[in-house]
Amino acid sequence: MISKELLEENKKKLLDEQKRIKTVLGHEDIKDGSGEFPGEYKPKYDELGNEEGENASEVENFGNQLSVTENLEEQLIRVESALAKMENGTYGICAQGDEIEEGRLRANPTAETCMNHAQ
Ligand SMILES: [Zn+2]
4 MISKELLEEN KKKLLDEQKR IKTVLGHEDI KDGSGEFPGE YKPKYDELGN EEGENASEVE
64 NFGNQLSVTE NLEEQLIRVE SALAKMENGT YGICAQGDEI EEGRLRANPT AETCMNHAQ
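Mapping of the sequence shown onto this note's numbering: residues 4 to 122, in sequence order.
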């Protein structure tokens, strides 16, 4: 079993990370449920203006924000999955049933595999 101390420490880290990501993603404020984007969150589309050059910048910004949003959503899924595992008592267990090394969990609270089974 991983130590209670590490569990508490990582829970705090995960909750902080969850809060940070949700803040960056803009919470539910811009959740539109249209299915237009892979997750629940829609990146903000900056209106820079209607001149030709400005529109090109808007599209570029939008593309950048979309990939940032996707990465954050993936990270959020990992964080929430780790938190769920803490709830049901399977946190720190590799998919193959091994215990994940404490040093590994310390370095990466969302680690899902032990050293042996890391890709
Ligand atoms: Zn393993």
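We put the beta carbon where it would ideally sit given N, CA and C, even for glycine.
By the 16-neighbour rule on beta-carbons within 10 angstroms, Ile80 is exposed. Secondary structure at Ile96: strand, using DSSP grouped into helix, strand and coil.
The three-state reading of DSSP puts Glu115 in coil, since its state is none of H, G, I, E or B. The region 78-92 makes contact with the region 7-19, as at least three CB pairs between them are under 8 Å. The closest heavy atom of ligand 1 lies 8 Å or more from the beta carbon of Thr93.
Residues Cys97, Ala98, Gln99, Ile103 and Gln122 of the same chain have their beta carbon placed closer than 8 Å to that of Thr116, with the five preceding and five following residues left out of the count.
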